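J.: Read in numbering that gives the first Met the number 0, the sequence shown has 136 at position 137, and its numbers run on one by one without any break.
For reference, the structure I am asking about is given below.
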Amino acid sequence: MPVEALYRDDFYLSTAEAVVTAVHEDGGIELDRTCFYATSGGQPGDTGFLERADGSKIALGQTKHGATKDIVIHVPLEDQAQPSVGEKLVMHIDWARRYKLMRMHTACHLLSVVCQYPITGAAVGEDESRVDFDMTDTIDKDDVTAKLMELVNQNHPVYLQWITDEELAANPGIVKSKNVRPPVGLGRVSLVCIGENSSVDSQPCGGTHVSETQEVGAIHIAKIEKKGKENRRFRIKFGEPVAEA
Ligand SMILES: [Zn+2]
0 MPVEALYRDD FYLSTAEAVV TAVHEDGGIE LDRTCFYATS GGQPGDTGFL
50 ERADGSKIAL GQTKHGATKD IVIHVPLEDQ AQPSVGEKLV MHIDWARRYK
100 LMRMHTACHL LSVVCQYPIT GAAVGEDESR VDFDMTDTID KDDVTAKLME
150 LVNQNHPVYL QWITDEELAA NPGIVKSKNV RPPVGLGRVS LVCIGENSSV
200 DSQPCGGTHV SETQEVGAIH IAKIEKKGKE NRRFRIKFGE PVAEA
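Dropping the structure here:
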């Protein structure tokens, strides 16, 4: 059953009430609405728990999509109690983890501004993220870090703009990913815009992001690896760069 995706309208919503609409044979739980982000677009799904009326908890692993993108499956960890259809629960996402993912995800967008090459892959992680670029140039990682931190410190607003699938199809140039398809199929696509009037960047993306670049905090490029002749893998980490011995 299609779910009301609360996280799409409010990235900062960490808890809300919901009603169980289905319980799958493998234990997967569907709700009428959710603030849990399901794994997609290189961002891992949210974890957390469902709180039952008696106060007991159903602990959840990474949330995933069902057969289509408008189905969200909440995945209980082993040996959890099973709720019944129609039961009212309170959702709680692991906010500390999600917030790190939002900061990291936004950092990946900033990296695509600093390094204007086609993106061939990306994976957002709570401790480290990676972005792969189709490029042959050699770049100094400390230079990239300095440019990233400039964008962070300028504290640009980050916000969504919605366009139709048709508008996106008519403007293929706005897609930076070579292999990662934009989140089409729901009739509308969210553009993640950075800076007033998208002055810094805009890019189709269905993930979760912070609302101003300052929230990303201190990040640095830990490593740039050569992955084949025309591919460079950038690893982003939180914190100040570690001085090399
Ligand atoms: Zn994004």
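We put the CB at the ideal spot given by N, CA and C, even for glycine.
Please read all numbers here as calculations on a predicted model, not as lab measurements.
Here's the rule I'm using: 16 or more other beta-carbon atoms within 10 Å means buried, otherwise exposed. How should M90 be labelled?
T.: For the purposes of this step, residue 90 is taken as the residue at position 91 of the sequence shown. The residue in question, M90, is buried, as its Cβ has 16 or more Cβ neighbours within 10 Å.
J.: Taking a contact to mean a Cβ-Cβ separation below 7 Å, would you say G205 touches H104 in this structure?
T.: Residue 205 sits at position 206 when you count from the first residue of the sequence shown. Residue 104 sits at position 105 when you count from the first residue of the sequence shown. For G205 and H104, no; Cβs fall outside 7 Å.
J.: Is it right to say Y6 is buried, meaning 16 or more other beta carbons lie within 10 angstroms of its own, or is it exposed?
T.: Taking the sequence shown and counting its residues from 1, one reaches residue 6 at position 7. The residue in question, Y6, is buried, as its Cβ has 16 or more Cβ neighbours within 10 Å.
J.: Taking a cut-off of 6 Å, which residues have a beta-carbon closer than that to any heavy atom of ligand 1, in chain order?
T.: This criterion selects H104, H108, V191, C204, G206, H208.
J.: So the candidates are G40, R234, M148, G26; which of them puts its Cα closest to the Cα of Q245?
T.: The first residue shown for the chain is 0 and the last is 244, placing residue 245 beyond what the model contains.
J.: Ignoring anything shorter than 3 residues or poking outside the stretch 7-61, list the beta strand (DSSP E) runs there in chain order.
T.: 14-22, 28-30, 47-50, 56-59, all fully within the stretch 7-61.
J.: Using 7 Å as the threshold, is the C-beta distance between H73 and L59 below it?
T.: One-based indexing of the sequence shown puts residue 73 at position 74. One-based indexing of the sequence shown puts residue 59 at position 60. For H73 and L59, yes; Cβs fall inside 7 Å.
J.: DSSP has L159 in a bridge; who is on the other side?
T.: Against the sequence shown, residue 159 aligns to sequence position 160. Looking at the DSSP assignment, L159 forms a beta bridge with V191.
J.: Restricting to Cα atoms, I'd like to know which of V215, N230, I223 is closest to M101.
T.: In the sequence shown, the residue the question calls residue 101 occupies position 102. Measuring from the Cα of M101, the nearest candidate turns out to be V215.
J.: Kindly indicate the opening and closing residues of the beta strand (DSSP E) around M245.
T.: It is not possible to answer for residue 245, since the shown part of the chain is limited to 0 through 244.
J.: I need the straight-line Cα distance from T119 to S55, nearest angstrom please.
T.: Working through the sequence shown from its first residue, we reach residue 119 at position 120. Working through the sequence shown from its first residue, we reach residue 55 at position 56. Cα to Cα, the separation comes out at about 43 Å.
J.: From the DSSP output, which residues share a beta bridge with S198?
T.: In the sequence shown, counting from the first residue as 1, residue 198 sits at position 199. In DSSP, S198 forms no bridge with anything.
J.: Excluding sequence positions up to five away, which residues of its chain have a Cβ less than 6 Å from the Cβ of E86?
T.: Position 87 of the sequence shown, counting from 1, holds the residue named residue 86. Only V19 meet the Cβ criterion.
J.: Quick one, are the C-beta atoms of R129 and W161 less than 7 Å apart?
T.: For the purposes of this step, residue 129 is identified with residue 130 of the sequence shown, where counting begins at 1. For the purposes of this step, residue 161 is identified with residue 162 of the sequence shown, where counting begins at 1. No. Outside cutoff.
J.: Once DSSP output is grouped into helix, strand and coil, what is the label at G227?
T.: Working through the sequence shown from its first residue, we reach residue 227 at position 228. G227: coil per DSSP, three-state reduction.
J.: What whole-angstrom Cβ distance do P82 and I28 have, given they're in contact under 8 Å?
T.: Counting from one through the sequence shown, the residue named residue 82 turns up at place 83. Counting from one through the sequence shown, the residue named residue 28 turns up at place 29. Right, their Cβ atoms sit about 6 Å apart.
J.: For the putative contact between I70 and F35, defined by C-beta atoms under 8 Å, what is the C-beta separation to the nearest angstrom?
T.: Here the question's residue 70 lines up with position 71 in the sequence shown. Here the question's residue 35 lines up with position 36 in the sequence shown. Contact flag wrong, Cβ pair sits at about 12 Å.
J.: In whole angstroms, what separates the C-alpha of D245 from that of R51?
T.: Residue 245 lies beyond the stretch modelled for the chain, which goes from 0 to 244, so this question has no answer here.
J.: Counting C-beta neighbours from all protein chains within 10 Å, is the total for V157 16 or more, i.e. buried, or is it exposed?
T.: In the sequence shown, the residue the question calls residue 157 occupies position 158. With 16 or more other Cβ atoms within 10 Å, it is buried.
J.: Going by C-alpha to C-alpha distance, which of P203, A15, R97 sits closest to D126?
T.: Along the sequence shown, read from residue 1 onward, the residue named residue 126 stands at position 127. Closest option to D126, Cα to Cα, is R97.
J.: Using 8 Å as the cut-off, can you tell me whether the stretch 7-17 makes contact with the stretch 165-174, which would need three or more C-beta pairs spanning the two stretches below that distance?
T.: The answer is no - the stretch 165-174 does not touch the stretch 7-17, with fewer than three Cβ pairs under 8 Å.
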